[in-house]
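Okay, so here's the structure we're looking at.
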Amino acid sequence: MNPEASYPSGLPQTLRAPAMTVGTVTPGSLDDQVLRFPAQAPPRKWYLALAFTSLVACIGMGFIGYTFYTGIGAWGNNSPVFWAFDIINFVFWVGIGHAGTLISAILFVFRKRWRNAIARFAEAMTIFAVMCAGLFPLIHVGRPWLAFWLAPYPNQRGLWTNFRSPLLWDVFAVSTYFSVSLMFWYLGLLPDLASLRDRTAPGIRKTLYTILSLGWRGAASHWQHYEKAYLLLAGLATGLVLSVHSVVSFDFATSIVPGWHMTIFPPYFVVGAIFAGFAMVVMVLIVVRESMDLQNLITDFHLEVMNKVILGMSCLMGYAYVVEAFTAWYSMNPILHHTFLNYISGTYGWAGWLTMGCNVAIPQLLWFRHCRRSYFWMILVALGVTVGMWFERFVIIVVSLHQDYLPSAWHNYRPTLVDYGILLGSFGIFFSLVLLFARVLPVIATTELKAILPGAQPGHGAHHE
Amino acid sequence: MSETFAVLGLFDSADALMEAIPKVRAKALGRVEAYTPYPVHGLDEALGLRRSPLGGMVLVMGVLGVLTALLFQWWMSAVDYPLVTGGKDPSSWQAFVPIMFEIMVLFATFTAGLGMLLLLNRLPHWGHPVLQSQAIRGITRDRFALAVEADGAFDPASARSALADAGALEIEVLPVPAAGPMFTASFIQRSLAGIAAACVVSGSLLYWAIKLMPVLPPMVHMENQPKLDPQESSTFFKDGHGMQLPVAGTVARGFLPFAMTTPEQSAGLVNPLPRTPAVLARGRAQYQVHCAVCHGVLGDGVPTLTAAYGAKPANLHTPAIRAYSDGTLYGTIVLGKNAMPSYAADMAVDDRWAVVHYVRALQRALNAKDEDVR
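Residue numbers (the working numbering), protein chains in the order written: chain W, 549 to 1013; chain V, 56 to 429.
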């Protein structure tokens, strides 16, 4: 759709539909700009970055191997804090993934065209984040080679899984989420893979693209089903993205631990997930945009819109904190009062203040247009949100658990080196995958972007019939 | 020149393509198909394509997913292994809803994705003539192609002129790809070699997965524990043995030292426990754990478990055994008799004496006198 043609020319600049690209972008130039990366040898700084992140990933793997060998006694978890870094990291990473699905599914359903340039990367981040997330419940079961017991399959023990357990719902929710995200991502990639296939010289790379693109040839009769499938998947993923973190929150909300037993948890978790995910997407996109010279496709407008989403989510988070505290106060339950006072005072009081500072206070900077467009402030806010959201889960999980109903069972939690190592390693795995993706597959959904370039669709030109 | 599959005309904009479609279709030369780098709005109407049936397919499969999940969960947790959690009826369906939702999404997603690719679009299809054309490099980039496909009496020349009249910039004639015979000797040889290689690889992987992996560390199911088992050596004790005698001068709880080696030495012992209901209950419990397996619940030598080695457990109601003193019964438990092993290691002293009381009660009950009833 051509925004210049859809509006009367006299409309002031602020009321016009924003340009999705800067400068002249044609379908051909778009391909040449985005699809050249898989064919090029990566620059030296890419190798350096990959060496660093994979080293970090290897350190994490080492600590995971150590955990497998010795058992999870190597972690700081102990009665009554049986869930700690492992579950915090799980919730954190699943949350990071939510931004990708939100951008690719919900914004697609709402026809927000600014999603097109960033959807591919955000979806890839979803998949990598869910992979990192899935790691943690697996290693938390202690003997991960028996993790298939989580699946309801007929077995010689004559037992079935407990379908009333939110933990089992979680298994289904996260594995469904991963499958659907993968399917969504692959369908989006398919036409781009065909473009890559046809511009690559014969060789192993072309063979690979040929196989992966399934012989896509852009036939009109195919596009028709393809668009329908994409719309249906977006609709399904919209429901799914709202359900996944809701189900994750059920792990907590259906228990009776003070501070967990809250009806606000499902929406509160979903908002938090989108919040953290957008912050991560902004950080990674800035790096991608600068290092791959994509300023004309991922524009200041894109970053500004994402920052507005972060700001909105931050306000919702603040609202959720207030409502949660109000619920606790209004319950007249002294134990709940104690737990909520514990969030901001007591041994881990600093974590509560850090959470609120990073998630509610710092993002308020984004009210200023200058901050929404300045890398320094954007990265500051995004880093703050990432830290804040990690500590929010720390507060919810560890602080609630370490002092509950029975004062004789109270015990402080202290993570071990292994805990820190695995957390660090998950970041290494995530960023290694992101780096590999950036050089192997198209980082921008070229096909989708071509369809919204000015003049791409018929009927807006001079010879409209 | 082989038979023609289609004639392809190239355009450089979506507008030009849309203008050309009605002109080419009006000639009615054959099926008209368009190839575009991205979905173009209104193309399906212009080409007169049927509406995609995918929505209906997804709806049906989504409903099927919901029902499948409901049925499976209900059967597993209410029929096959009824599980009461939180005092709820095992068949209450509310808790099944989250998984029903997830399975619905899963079914619907795979129907939408794979149904679109495999069923409706007939992909993967790597051998399509358009993929072999010169035009495909433009089609997946920024060109728009209109193809008139050959059917029946097809004249490539008239298709060519129709496309040229409609404004095609370039025109390409696509031949039907030559199909060689499929089952050549080398194809069969390579297939067999491939199957054999796949068998060897998957067989060794399976062997590794089933036989070796479960016993490799750390997957040893808590076999390694920081404790000493019997017969294990120890670096802690000076003599290197894991099993040690009690420290000199100490007595383990419940085990009074009594150097009894023959039944005669035990005959004179007196049962130190009072004959109270509590003691009898304790004796009954111990009897059922340790004795009833061979001597039977009534003590009549009819075993609850047939002794595989063919020994015949004693009937405790024979006159000879009824005439035993309490001490002799106790001695039999401690020392064993014939095929019966010693139970000294399994039963504490008080448990043995309680069993003696219980055996006496059994003997009395099965050989009751008239005054017992009175």
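Backbone N, C-alpha and C fix where the C-beta goes; we use that ideal spot for every residue, glycine too.
Residue i touches chain V at which residues, Cβ-Cβ below 7 Å?
i                      : result
residue 772 (chain W)  : 99, 104 and 107
residue 795 (chain W)  : 153
residue 743 (chain W)  : 195 and 196
residue 1005 (chain W) : 69, 95 and 96
Can you tell which of the options has its C-alpha closest to the C-alpha of residue i?
i                     : options                       : result
residue 368 (chain V) : V:391, V:209, V:385 and V:378 : V:391
residue 766 (chain W) : V:93, V:63, V:72 and V:64     : V:93
residue 134 (chain V) : W:905, W:894, W:707 and W:939 : W:707
residue 873 (chain W) : W:900, W:850, W:858 and W:851 : W:900
residue 401 (chain V) : V:389, V:411 and V:421        : V:389
residue 639 (chain W) : W:938, W:977 and W:979        : W:938
residue 823 (chain W) : W:903, W:626 and W:573        : W:903
residue 953 (chain W) : W:963, W:885 and W:715        : W:885
residue 409 (chain V) : V:385, V:397 and V:395        : V:385
residue 728 (chain W) : W:678, W:764, W:753 and W:769 : W:678
residue 353 (chain V) : V:217, V:260 and V:418        : V:418
residue 913 (chain W) : W:994, W:860 and W:878        : W:860
residue 199 (chain V) : W:768, W:686, W:627 and W:663 : W:768
residue 719 (chain W) : V:158, V:393, V:83 and V:138  : V:158
Can you tell me where the beta strand (DSSP E) holding residue i begins and where it ends?
i                     : result
residue 812 (chain W) : Note, residue 812 (chain W): premise wrong, no beta strand (DSSP E); not H, not E.
residue 66 (chain V)  : 59-66
residue 228 (chain V) : 225-230
residue 203 (chain V) : 199-204
Along the alpha helix (DSSP H) that carries residue i, what are the first and last residues, could you check?
i                     : result
residue 924 (chain W) : 923-942
residue 714 (chain W) : 714-747
residue 608 (chain W) : 592-618
residue 996 (chain W) : 994-1000
residue 578 (chain W) : 575-582
residue 319 (chain V) : 318-321
residue 243 (chain V) : 240-262
residue 680 (chain W) : 663-688
residue 974 (chain W) : 965-988
residue 100 (chain V) : 98-102
residue 355 (chain V) : No alpha helix (DSSP H) contains residue 355 (chain V), which DSSP labels as neither H nor E.
residue 5 (chain V)   : Nothing can be reported for residue 5 (chain V): it is not among the residues displayed for chain V, which extend from 56 to 429.
For residue i, write down the residues that DSSP places opposite it in a beta bridge.
i                     : result
residue 872 (chain W) : DSSP output for residue 872 (chain W) lists no bridge partner at all.
residue 626 (chain W) : W:629
residue 88 (chain V)  : V:202
residue 767 (chain W) : V:90
residue 288 (chain V) : V:296
residue 856 (chain W) : Answer by DSSP bridge pairing: none, since residue 856 (chain W) is not bridged.
residue 392 (chain V) : V:395
Can you grab the Cα-Cα spacing for the pair residue i / residue j, in whole Å?
i                      : j                      : result
residue 984 (chain W)  : residue 144 (chain V)  : 51 Å
residue 864 (chain W)  : residue 105 (chain V)  : 45 Å
residue 944 (chain W)  : residue 798 (chain W)  : 13 Å
residue 168 (chain V)  : residue 594 (chain W)  : 34 Å
residue 880 (chain W)  : residue 894 (chain W)  : 20 Å
residue 949 (chain W)  : residue 834 (chain W)  : 38 Å
residue 62 (chain V)   : residue 203 (chain V)  : 5 Å
residue 429 (chain V)  : residue 136 (chain V)  : 50 Å
residue 572 (chain W)  : residue 1002 (chain W) : 10 Å
residue 854 (chain W)  : residue 652 (chain W)  : 13 Å
residue 1009 (chain W) : residue 70 (chain V)   : Caution is warranted here: a pLDDT of 47 is assigned to residue 1009 (chain W), below 50, making its placement in the model unreliable, and the coordinate value is therefore given only provisionally. Cα-Cα distance, rounded: 8 Å.
residue 243 (chain V)  : residue 185 (chain V)  : 29 Å
residue 963 (chain W)  : residue 625 (chain W)  : 7 Å
residue 784 (chain W)  : residue 745 (chain W)  : 30 Å
So with CB distances below 8 Å, who are the chain W contacts of residue i?
i                     : result
residue 274 (chain V) : 691 and 693
residue 335 (chain V) : Simply none; closest approach about 37 Å.
residue 321 (chain V) : Near residue 321 (chain V) there are no residues of chain W at all, since even the closest Cβ is about 46 Å away, more than 8 Å.
residue 191 (chain V) : 746 and 765
residue 203 (chain V) : Near residue 203 (chain V) there are no residues of chain W at all, since even the closest Cβ is about 13 Å away, more than 8 Å.
residue 64 (chain V)  : Simply none; closest approach about 14 Å.
Say the cut is 7 Å; is the CB of residue i nearer than that to a heavy atom of the ligand GDP?
i                     : result
residue 224 (chain V) : Ligands in the displayed structure: none, and consequently the ligand GDP is not present.
Using a C-beta to C-beta distance shorter than 8 Å, which residues of chain V count as neighbours of residue i?
i                     : result
residue 708 (chain W) : 131, 132, 135, 136 and 138
Under 9 Å between beta-carbons, which chain W residues line up against residue i? List them in chain order, please.
i                     : result
residue 266 (chain V) : Residues of chain W passing the Cβ test: none, with the nearest at roughly 14 Å.
residue 287 (chain V) : Under the 9 Å cutoff, chain W gives no residues; its nearest Cβ is about 21 Å from residue 287 (chain V).
Chain V partners of residue i, CB-CB under 9 Å?
i                     : result
residue 685 (chain W) : Ordered by position in chain V, no residue passes the 9 Å Cβ test against residue 685 (chain W), which lies about 16 Å from the chain.
residue 731 (chain W) : 164, 165, 167, 168 and 169
Find the residues of chain W that neighbour residue i, judging by a C-beta separation of less than 7 Å, and give them in chain order.
i                     : result
residue 156 (chain V) : 791
residue 179 (chain V) : 762 and 763
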